[in-house]
Every structure is written in C-alpha cells, then in structure tokens.
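Structure record follows, encoded as structure tokens.
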Amino acid sequence: MTRYRHIDGWRYPDGVRLAVNFTLDFDAQLFRRVLGEPALELAQGEFGGRTGIWRLLELFHRHRIGLTIFTPGRIAELYPASLREAARCGFEIANHMWEHRVPPEPDLEWDHLRKTTTALEAISGRPPVGTRSHHRRSSLVRDGYVYTSSGAADEIPYYVTDGDATVLNLPFHYALDDAMYFHFGWVASENAGQRLEDCDAVHDVFLAHFEGLYADGKYMNICVHDFVSGRGMRVRMLDRLITEMKQRPGVWFPTCETVARYCLEQFPPGPGR
Amino acid sequence: MPWKDRYTTSDERTLDRIAWPEGAPCALVVTVDLSPACGPDGITPKELEAEDTEYGMHVGIPRLLDTFARHRVSATFATPAIVAETWPTQIREIAARGHEVAAHGERHEDPNRLERAEEQRRIARTTERFARIAGVRPHGWYSLPRPGDRYAGGQVSPHTIDLLIGAGYEYFGNGCADDIPYYWVTDAATRRALLAMPYYPHFDDQFFLMFPAPGKGSGLERPAPLRANWIGELDAARTFGRCLAITVHPHLVAWGGRLGLLEDVLAQATSEPRAWNATAIGCARWFTSAYPAATSLRLEPSIWKDHAGSLS
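The listed protein sequences correspond, in order, to chains Y and V.
Our numbering numbers the first residue of the first sequence as 1294 and each following residue consecutively.
Our numbering numbers the first residue of the second sequence as 155 and each following residue consecutively.
The structure is reproduced here in structure tokens:
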C-alpha cells in the first residue's frame, strides 16, 4: 500500500517565496512510437527533437534559470547533440523511462531503468537522481534515485513510500502541462475531444496558478514538451511568462534536484510511520 | 539497418538563420485545401453534392481569390483529381490568377489503405488527369488530414514519399517535422529525399471552425484561438526567421465573418517587415536552390542500436 508523508512547517531558504521548476519532457517521437501512431504524428514529435529542443535550451539559457530535462534513455541515441548541449548549459538531465514506457515484467523494468541511468550518465557525466515515470519505487531507490515528479497529492513536495522504499515527490499537476492544451489527440484521445488552445489563454492559466502558489508560498512545476512548446509562438509565450515571474521578489528558479536536496536536508523523511 | 529507421525522417538538427529572399524576416505560404470533408476512402459522389462543397466551389473560391488579389498574396490550391475534373473552370481560373494548383490525391484517400502498386497507379493517373485539365502537371502532392481523422497530421504510407520522388514530384505539401521546408529522407544510404513543406494542424482552419462536426459537442466555433495562432506564429516566424504555413478551406474560412480572420493575418503578414510570400512550389524551388540537400542535409552516422526488450 502506498503511503504519503506531507511536510510540516514548510519554508524556503531566506528571501525565497516560491520555487518554480521548469521541467522539459524531452521525448520527441518516442511516446508516439510506443502508442503506434501514424507517420506524420511521429514527424510532429520529430519536430521537437530537430527544432523545438534547441529553441527551448536557448530560452532557458538566456534567462539564466534552472531547467530539468526529463528524457528517455533512447533520446541519447536519437538526439545526443542536444542533450550534450543541455549538460553543457548546466541543466539537469533526469530520467523519463527508456523508451517512454515502464515494462510490467520486473526483470525488464530493471533492465530499462539501468539502461536509462547508464545512457544519461554517459551524456551528463553523473547519474540522474530524479525521474518522471512510474518505475517501482523499490527499483528507483535501488538505482540511486531520490525524487520523482508525477502526481500532486500536495501543493508542496512530499514523501511517498512503497514497502520500505521512500522517495520525495515534486508535485506535477496536469493543469501546468502544455500538452493538455496544445496537443491534438493527446495519448490517443478521441477526435471529438479536441479543443486546441492558443498561447494567450494558456499563459493566463499558468500565470493565475503562479499567483495563487506565490501568494501561499507553495511550489510550482511547469511541464513543457519539446514538440509542443518548442513551436515558435509558444517559446515567445514562455519568454513573456518567465519575464513576468522574474519581476516578483523571491521567485527561485532552481533545478528539481536542487529543490529535492533542499527538502531531503531540511525536511528529512524520518522513520516510516 | 537504415539510419534511425521508423523514428526519424530527416537530419538531427534543423537549419538556423534562413536568409529569405528580398531580405524578408520570414516566409508566408498559404495552402487552400479543395477537398470536401470525407472519409479515409476519399471523396464519394455524396460529398461532391454536399451544400458545403457547393458553397466552397461557387462562393468560397471567388471570395478567397478576391482576398488574395487585394493582399497580393499567391496561394497553393491542394486539389483532389476528382474535384479538378468536376470543376475544371474553377481550376483554370485559379491557375490563371497566378496561383499554384497541386495534387491532393486522386480523391483525398488514405494511401495506407492501398497496396504499393495501386498507390503508384493512382499517383500516375492523378498526375496525368491534372495535366489534361490545367495544361501543366502538378509539382507538389498533399495528403492533408480530414476533420474526422483520429490524428491531425495527414497520412502517408510507407511508400508515398518514395513513389512521389519516382513520379517527378518536387515537394510533399504537409511535412510535420519542421517549421521551414526540410528534406524527407527515404533512404539514408543513397540520400534519396524529397523536400517537405511545413504543416501544423494548429494553423489549419478545419480544427477551429465548427470542429468537431456539428452534433459532436458544443462550443465548436472557435475563431479566437485560430486567429491567435496565426498572428502569434507570424510574430514568431519573424523572430526566428521561419515559414508561416497556414491551411484554409473555401467552405470554412470564406463564409460570413470568418473571412476577417484570413484578412487579418494576410494584412499583418504583408505589412512591414513583410513576410516573403510564395506559392509552395515557388518556396520549394527557392529553398532547394538556396539550401540544396547536397550541402544542407546533414545526416549524422547512426549510433542507434537494437536492444533486446525494446521496440526496434
């Protein structure tokens, strides 16, 4: 049974009011391939690997803010140059499965996890410590991972325990995921369910959540995709959003790992209960 | 194993800093899809007789031609062969006004439903039927999405691009892997490739104007996000030096107040700093000459491996 431990007495380092983690799920065409989507859907994913990723790296580098790239291990074989550039910029490279699926077979699941850890370490020079995936928590702990980022059982980081494996979770909410607004047919959804949004509408949603989380000193994790937010008009929207966020005092833009290390040090999970 | 086969269709990284003609900051390509809404087997007599089709061919096209003339914009009309044969006068008028007529399948059918030999026969037949009607063969081939399709990028079979190269086509109209023209590689070893023109469903009117079809929900008429996408991407194309490629349908965008959406984006694109406008073939030929595959297509050696327990 999965158990949750919420953090009591949540506070940031002096001078910080809100941590904003920008997270980039860089999976290009891999998820489309796993879903068996047609050629021109894969090509829309390929846009992210050829074009979108470079624009996003440039955007976050120019703003001198932290970025965590959750990426499947196989991206290291498909688009190694962009991952090397991300590492050179000082961005965090974290686990997003091997080929954007977690096999149900325990041996194969472990094999995929090890392959991904090895592939990403070969790019960045250090093993990843975070993941956005549904790998078993016992496997994650065994392979040295300390945090996940999926699901939102709180508005601030919290601990999740399965058996004797505990990891920190940095809450990820679908309301802050670009694909929910901009991707036609997300995860093979029905044609009649599509309502494609424009940048201004989504900017306003993101900014309203920022205002709410900032007012209460919570935590914000914005998820963007290379093939979604790497489109020119959306890069410009993010540029505007980041600029507006930076104008508020006490907004901290670290990587996910930095937030995770802070939590583990200041609010350790303690003994299980 | 071919280079990243079944994952990638082009090189690893796009071309940056495109130097468009006339010192323009970006390009504008307008595609008019002359296919009525149809199913994956393509247009049937029922769709040719529909009110929407009648509107598009007799009222929508003249309105679009006037709009293009007022803004001095050239467009490409992606036309199924059966539509060209049913309305040859319109096709000749479009060509006479300086626009491009490109092929859009024999009847806008999904080529995945055809054997390779049948797909090849249909491409040959379509090419020849256009030559008879318009006096020249088409240089570009489209396979755009239909409003009822589950996916919004259009359809190519595993053979389509290769067959189009064999049939002498110069570009494929709806490539989805870039926002400028790019080379779609069919064989990495021989560098066999066809230029693909950019397409993105968010710039296609059919996904915003009574979409999904009436009877499938409410709040279906959404001009605001369509306008915001066109104008927003035009601004972005200027910033990043890219090609804004929009797709419209005469039975959709020409009707009533919707025409104002198109008027707005054309007016903004043709104000300073002006986008360079060309038909798809005009843009394709310029790009192929300025950025030939021999020097611009940079295929990296593959480090892609087959792994036990992974998709290949």
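We put the beta carbon where it would ideally sit given N, CA and C, even for glycine.
On a predicted model such as this, the values are computed, not experimentally measured, just so you know.
Using a Cβ cut-off of 8 Å (strictly closer), state whether Y/W1479 contacts chain V.
no
Taking Cβ positions, are Y/T1548 and Y/G1418 nearer each other than 8 Å?
no
Three-state secondary structure (DSSP) at V/A305?
Note on residue identity: the sequence assigns Tyr, not Ala, to residue 305 of chain V. Coil.
Quick test of the definition: if touching needs 3 or more C-beta pairs under 8 Å, does the stretch 183-192 of chain V touch the stretch 431-444 of chain V?
yes
Identify every residue that forms a DSSP beta bridge with V/I400.
V/V184
Check the Cβ of Y/L1401 against every Cβ in chain V and list those closer than 8 Å, keeping chain order.
G463
Would Y/T1409 pass as an interface residue toward chain B - the criterion being a Cβ-Cβ separation below 8 Å?
Absent here is chain B; the protein component of the structure consists of chains Y and V.
Here's the rule: buried if 16 or more other CB atoms are within 10 angstroms of the residue's CB, otherwise exposed. What is Y/M1294?
exposed
Selected residue, minimal CA-CA separation from Y/L1406, among Y/E1385, Y/R1430 and Y/F1384
Y/R1430
Does DSSP put Y/V1439 in a helix, in a strand, or in coil?
coil
Contact set for V/D316: own chain, Cβ-Cβ below 6 Å, skip 5 residues either direction:
T340
So, Y/I1416 versus Y/L1352, is the Cβ gap smaller than 8 Å?
no
Please report the straight-line C-alpha distance between V/G410 and V/D206, rounded to a whole angstrom.
13 Å
Which residues of chain Y have a Cβ atom closer than 8 Å to the Cβ of V/W458, listed in chain order?
E1370 and L1371
Is Y/Y1452 near Y/L1461, with beta carbons less than 8 Å apart?
yes
Which residue marks the beginning of the alpha helix (DSSP H) containing V/P379, and which one marks its end?
P377 to F394
Is V/R376 near V/F357, with beta carbons less than 8 Å apart?
no
Y/R1310 to V/G210 span [Cα, whole Å]:
56 Å
Got a sec: which bits of the stretch 327-350 of chain V sit with their beta carbon under 9 Å from any beta carbon on chain Y, in order along the chain?
N328, G329, C330, A331, D332, D333, I334, Y336, W338 and A350
Count Cβ pairs between the stretch 1335-1349 of chain Y and the stretch 1518-1530 of chain Y that sit closer than 8 Å; are there 3 or more?
yes
Using a Cβ cut-off of 8 Å (strictly closer), state whether Y/G1525 contacts chain V.
yes
If V/Q422 sits next to V/L374, beta carbons under 8 Å apart, how far is it from one beta carbon to the other, in whole angstroms?
Not confirmed; about 26 Å, so no contact.
Which same chain residues, not among the five before or five after Y/H1354, have their C-beta less than 6 Å away from its C-beta?
C1382
Going by beta carbon distance, what residues of the same chain come within less than 6 Å of V/W458, once the five residues before and after it are set aside?
K158
Can you tell me which of the three DSSP states V/T162 falls into?
coil
Please report how far the alpha carbon of V/P216 lies from the alpha carbon of V/L415, in whole angstroms.
17 Å
Whole angstroms are fine: how far does the CA of V/L202 sit from the CA of Y/N1388?
52 Å
At a CB-CB cut-off below 7 Å, which residues of chain Y make contact with V/V310?
A1332 and L1333
Hey, does Y/N1484 have any beta-carbon neighbour from chain V nearer than 8 Å?
yes
So which of Y/R1435, Y/E1414, Y/V1439 and Y/A1412 has the shortest CA-CA distance to Y/R1425?
Y/V1439
Nearest residue (CA-CA) to Y/T1551, options Y/G1308, Y/G1302, Y/L1333 and Y/A1312:
Y/A1312
Is Y/P1365 close to chain V, meaning its C-beta is less than 8 Å from at least one C-beta of that chain?
no
Interfacial residues, the stretch 438-453 of chain V to chain Y, with Cβ spacing under 8 Å
none
Quick check: is the beta carbon of Y/C1492 nearer than 8 Å to any beta carbon in chain V?
yes
Assuming V/S297 contacts V/G259 under a Cβ cut-off of 8 Å, what Cβ separation, rounded to an integer in Å, is found between them?
6 Å
Verify whether the separation of the beta carbon atoms of Y/S1432 and Y/E1402 is less than 8 Å.
yes
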